[in-house]
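Visitor: Please read through the structure below; I'll follow up with questions.
Chains as they are written, first to last, in our numbering: chain B, 121 to 372; chain P, 589 to 876; chain L, 19 to 355.
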């Protein structure tokens, strides 16, 4: 069970030289990193670098073609999706992903019920729902919510499972500038309330620079660089990988 | 020994027919993700169109077969374009839609032609005797036509741009769409091709076996079996499995008798599904 | 929304079936008896389809599990002299459920569409099995001359009693359906709406699919017992693959969104088929047309469409009431931008 009553003891996620192929196409190759309990790390890279597939593999949606993934010292590669979620390894989705015709309240109720989170989680959700403008909309069907709120709901659902490791797949994609700052607030709250580690895959450089003390750069399926954002983003090979792609400030 | 070879020849002939049916079925499933429950209905329709051309319009049999193929392809095209397209992302809805079509085809045929089997026979009769083995000529002709048709499908799928497009769609619809392939254009075509193949098979086989409103029932079961065995979405798999099924059926009729062969086949396929759900050649079958 | 109103359609469905207990006391017409007997069987079988559809799974295996339940009851009666109605009803639920459990565990991890195909094959397999085991099942002749069942020792031999038993079985099936679909409402709805999300939140989806499958098999078995008891014969033609389409039609056309759907669909369609029995071959085409109409234009079937119309009518007449009371400690706060 992911919620063990104590204030969220997080485990260590070890990713050891994992690769993923689809037929003849190698999506990523020999990727390794470790995520310590409570740590916050960003993963960036140009489109097609394999970022979403990486999350799919770590979260259990896909099995790695090679290499191993350990959580709490235990091999989790190939374990079913729901088992990993129950162990505390929970992801959010790049597209909006909610129970569309169910109300916001019902969505949350399901997340709590399926993950086995204790009912006390409602108290923690209280503040978060107010902060993200979701509280007045508890009885609105989730597919009637505007895009930005649906994305925030997706994040809140993941939070409601009392995760120990949160894998966020482009949480800011499609959000306006004001909404992007809510992602910051979300990550802070998740780490404060659950003590969970957070891995963020993102395109928004500002967000990554603001939030993450450590980032990984993925390019053409392999790790190009790893370290603090300031150094990594100044490296010539990283800049070259992004050449021609305008990142950062987008018209709000 | 003679019966062994004869059964084998019959099995290959059956296999060719099943291959035509399975190819169409697996094409639709691979490309659209749709299970066409009306597949048997198009088979029957093909038979009746050919019969009508021969018996009522006096057309020569080869023309009738062609007409049957075109008629079923056209119906499939229109059905996909106007009805299936509206729900194509919802697998259950498309299944029910094709199921509804199947029921309607059956009733319409009964309404127009009555429940009795019309007199529809193959224009070529006689048997080929060769070194002690024998094979009815009609099976031989059907086998030849089927092999040509199978060859045609392979040529289409592997040597033409249209075929490449269809295969790309089958492999990964989103990626293919971003590369400019238009599902809205290609889906009805794929559906039409599949139904045309079913209609062609019906026009060829029903004069040999029998024609009647209900002859489409076992067609669907056979198509399922073959496609599960060969792997959903795999063209090669469907072909190989079809010949396998044809041979197993031919030999079990001769050596096991009764419905034991059919039962063995069904159970075999069930086991395959459990042990290796992607079949012989197919892709990922497990859900999340 | 109060708990009661949440289950309004379940309660309505059970109430309708409960009221139909009165039918044998209101009329004596043999036509009414046979039609309502058929309706009771159809409703029970339609519940089997309904439970699976709650998880967005289509099953063609209803005749297969009906056969297991029906033959189990017939064999119990003929070869072991067991005639107690309660026992036979329970047996007709348990036997197919036991068969369905290992099958479900093996098959329900596959993609939904594979599952549908397998249920189709299951029905074919059962038919062939029946033909190939004549010692047990009587083969093509079936098992004839089942003894009448008893309840609390009283024999249920005449048409009225047989009908009452059929309604009783349907009533029990309705209660089982209501309990299961009510208790597992959240899980089923989550699986139906967004299976991937449910999994990522920790729901062991395939476990609930197996539960639904096993219960659906049991319900079908009960329908099989009811049918066999009505005919006093267990015959393979009662469980033909073609009939699977009928049970699906009853639920889809009636409405897959609530328990009232299978009740309304089965009642309406079986009744119509009985009246127009001379044009039987057209009923299939009509079902086909109605299914297509439902899929394209009226997803909720008869019940769903009527309910939607009702909501629209009442909305035009009165204004929407304010939001329901809020759960837990979350309070509504006027939000300032």
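No residue lacks a Cβ here, since even glycine has one placed at the ideal position from N, Cα and C.
As the structure is a prediction and not an experimental result, all values here were calculated from the model.
#1: Where does the unbroken alpha helix (DSSP H) through residue 244 of chain B begin, and where does it stop?
#2: Shortest alpha-carbon distance to residue 606 of chain P belongs to which of P/869, P/844 and P/837?
#3: For residue 219 of chain B, count neighbouring C-beta atoms within 10 Å of its own C-beta (all shown protein chains included) and say buried if the count is 16 or more, exposed if not.
#4: Please classify residue 252 of chain L: does DSSP put it in a helix, a strand, or coil?
#5: Which of the three DSSP states is assigned to residue 798 of chain P in this structure?
#6: Using a Cβ-Cβ cutoff of 7 Å, what residues of the stretch 217 to 241 of chain L are near chain B? List them in chain order.
#7: On the DSSP letters alone, give me the boundaries of the alpha helix (DSSP H) that residue 277 of chain L sits inside.
#8: Taking C-beta pairs closer than 8 Å, name the residues in chain L that residue 281 of chain B reaches, listed in chain order.
#9: Please report how far the alpha carbon of residue 752 of chain P lies from the alpha carbon of residue 826 of chain P, in whole angstroms.
#10: I'd like the ranges of any alpha helix (DSSP H) spanning at least 4 consecutive residues and lying wholly in the stretch 775 to 844 of chain P.
#11: Could you give the first and the last residue of the continuous alpha helix (DSSP H) run that contains residue 84 of chain L?
#12: Once DSSP output is grouped into helix, strand and coil, what is the label at residue 317 of chain B?
#13: Does residue 334 of chain L pass the burial test, meaning 16 or more other C-beta atoms within 10 Å, or should it be called exposed?
#14: Taking just the CA atoms, how far does residue 784 of chain P sit from residue 729 of chain P?
#15: In terms of DSSP beta bridges, what is residue 195 of chain B paired with?
#16: Do we get a CB-CB distance below 8 Å when we pair residue 271 of chain B with the residues of chain L?
#17: With distances taken from CA atoms, which of P/816, P/743 and P/778 is nearest residue 620 of chain P?
#18: Against residue 206 of chain B, what residues of chain L qualify as contacts under a CB-to-CB distance less than 9 Å, listed in chain order?
#19: Any beta carbon from chain P within less than 8 Å of residue 270 of chain L's own beta carbon?
#20: For residue 311 of chain L, does the count of other Cβ atoms within 10 angstroms reach 16, so buried, or fall short, so exposed?
#21: Let me check one thing: in DSSP terms, what residues is residue 723 of chain P bridge-paired to?
#22: Since residue 176 of chain B is in the alpha helix (DSSP H), which residue starts that stretch and which ends it?
#23: Which residues in chain L have a C-beta closer than 7 Å to the C-beta of residue 816 of chain P? List them in chain order.
#24: Can you list, in chain order, the residues of the stretch 789 to 820 of chain P whose Cβ is nearer than 7 Å to any Cβ on chain L?
#25: Would the C-beta of residue 863 of chain P count as close to the ligand ADP, meaning under 7 Å from any of its heavy atoms?
#26: Indicate whether at least one CB of chain P lies closer than 8 Å to the CB of residue 319 of chain L.
#27: Assuming residue 661 of chain P is part of the alpha helix (DSSP H), what are its boundary residues?
#28: What is the DSSP secondary structure of residue 140 of chain B, counted as helix, strand or coil?
#29: Under 8 Å, with one C-beta from each stretch per pair, do the stretch 259 to 269 of chain L and the stretch 49 to 67 of chain L reach the 3-pair mark?
#30: Please report how far the alpha carbon of residue 253 of chain B lies from the alpha carbon of residue 203 of chain L, in whole angstroms.
#31: What is the residue span of the beta strand (DSSP E) that residue 148 of chain B lies within?
#32: Ordered along the chain, which non-local residues of its own chain (more than five positions away) have a Cβ less than 7 Å from that of residue 114 of chain L?
#33: Measuring only the C-alpha atoms, how far is residue 691 of chain P from residue 313 of chain L?
#34: Taking the continuous beta strand (DSSP E) assigned at residue 339 of chain B, which residues delimit it?
#35: Give a yes or no on whether the C-beta atoms belonging to residue 206 of chain L and residue 76 of chain L are separated by under 8 Å.
#36: Given a cut-off of 8 Å, decide if residue 189 of chain B and residue 287 of chain B are closer than it, judged by their beta-carbon atoms.
Guide: Taking the definition as stated:
#1: Taking the first residue of the first chain as position 1, residue 244 of chain B is located at position 124. Segment 241 to 251, the alpha helix (DSSP H) holding residue 244 of chain B.
#2: The residue given as residue 606 of chain P occupies position 18 in the second chain. With distances taken between Cα atoms, residue 606 of chain P lies closest to P/837.
#3: Start at 1 with the first residue of the first chain, and residue 219 of chain B comes out as number 99. Residue 219 of chain B comes out buried.
#4: Residue numbering aside, residue 252 of chain L sits at position 234 when the third chain is read from its first letter. Here residue 252 of chain L sits in strand by DSSP.
#5: On the second chain, residue 798 of chain P is found 210 positions in, with the first residue counted as 1. In the structure shown, residue 798 of chain P sits in coil (DSSP, three-state: anything other than H, G, I, E or B).
#6: 217, 218, 219, 220, 221, 222 and 223
#7: Your numbering for residue 277 of chain L matches position 259 in the third chain. Note, residue 277 of chain L: premise wrong, no alpha helix (DSSP H); not H, not E.
#8: Indexing the first chain from 1 puts residue 281 of chain B at position 161. Result: 219 and 220.
#9: Looking up residue 752 of chain P in the second chain gives position 164. Looking up residue 826 of chain P in the second chain gives position 238. Cα to Cα, the separation comes out at about 18 Å.
#10: Counting only runs of 4 or more, we get 805 to 818 and 823 to 843.
#11: What you label residue 84 of chain L is simply residue 66 of the third chain in a count that begins at 1. First-last of the alpha helix (DSSP H) with residue 84 of chain L: 80 to 98.
#12: On the first chain, position 197 is the one that residue 317 of chain B refers to. The answer is strand: DSSP assigns residue 317 of chain B an E or B state.
#13: Sequence index remark: in the third chain, residue 334 of chain L carries index 316 (1-based). Per the 10 Å Cβ criterion, exposed.
#14: The residue you call residue 729 of chain P lines up with position 141 of the second chain. The residue you call residue 784 of chain P lines up with position 196 of the second chain. Residue 729 of chain P and residue 784 of chain P: Cα-Cα distance of roughly 19 Å.
#15: Reading the first chain from its first residue, position 75 is the one you call residue 195 of chain B. In the DSSP secondary-structure assignment, residue 195 of chain B is bridged to B/190.
#16: Translated into the one-based positions of the first chain, residue 271 of chain B becomes position 151. No, residue 271 of chain B lies away from the interface with chain L (no Cβ there is under 8 Å from its Cβ).
#17: In the second chain, the residue the question calls residue 620 of chain P occupies position 32. Closest option to residue 620 of chain P, Cα to Cα, is P/778.
#18: Translated into positions along the first chain, residue 206 of chain B becomes position 86. Those are 220 and 222, listed as they occur along chain L.
#19: Locating residue 270 of chain L in the third chain gives position 252, where the first residue counts as 1. With 8 Å as the cut-off, residue 270 of chain L counts as an interface residue toward chain P.
#20: Taking the third chain and counting its residues from 1, the one referred to as residue 311 of chain L is at position 293. Label assigned to residue 311 of chain L: exposed.
#21: By 1-based counting over the second chain, the position of residue 723 of chain P is 135. Partner(s): P/716.
#22: As a working note, residue 176 of chain B is residue 56 in the first chain. Residues 171 to 179.
#23: By one-based count along the second chain, residue 816 of chain P stands at place 228. Neighbours of residue 816 of chain P on chain L, chain order: 135.
#24: 809, 812 and 816
#25: The ligand ADP is not among the ligands present in this structure, which contains no ligands whatsoever.
#26: Within the third chain, residue 319 of chain L is the residue found at index 301, counting from 1. Chain P contact via Cβ: absent.
#27: Taking the first residue of the second chain as position 1, residue 661 of chain P is located at position 73. Element bounds for residue 661 of chain P: 649 to 667.
#28: As a first step, residue 140 of chain B must be located in the first chain, where it is residue number 20. Note: residue 140 of chain B maps to strand in three-state DSSP.
#29: yes
#30: For this step, residue 253 of chain B is matched to residue 133 along the first chain. For this step, residue 203 of chain L is matched to residue 185 along the third chain. Their Cα atoms are separated by approximately 28 Å.
#31: Counting from one through the first chain, the residue named residue 148 of chain B turns up at place 28. In the DSSP assignment, residue 148 of chain B falls within the unbroken beta strand (DSSP E) covering 145 to 155.
#32: Position 96 of the third chain, counted from the start, is the residue given in the question as residue 114 of chain L. Closer than 7 Å at the Cβ level, and outside the excluded window around residue 114 of chain L, lie 83, 86, 87, 235, 236, 238 and 239.
#33: Stepping through the second chain from its first residue, residue 691 of chain P is reached at position 103. Stepping through the third chain from its first residue, residue 313 of chain L is reached at position 295. Residue 691 of chain P and residue 313 of chain L: Cα-Cα distance of roughly 15 Å.
#34: The count along the first chain starts at 1 and reaches residue 339 of chain B at position 219. Counting along the chain, the beta strand (DSSP E) containing residue 339 of chain B begins and ends at 334 to 339.
#35: The sequence position of residue 206 of chain L within the third chain is 188, counting from 1. The sequence position of residue 76 of chain L within the third chain is 58, counting from 1. No, the pair does not count as a contact, with Cβ atoms beyond the cut-off.
#36: As a first step, residue 287 of chain B is located in the first chain; it is residue number 167 there, counting from the start. As a first step, residue 189 of chain B is located in the first chain; it is residue number 69 there, counting from the start. Note that the C-beta distance between residue 287 of chain B and residue 189 of chain B is not below 8 Å.
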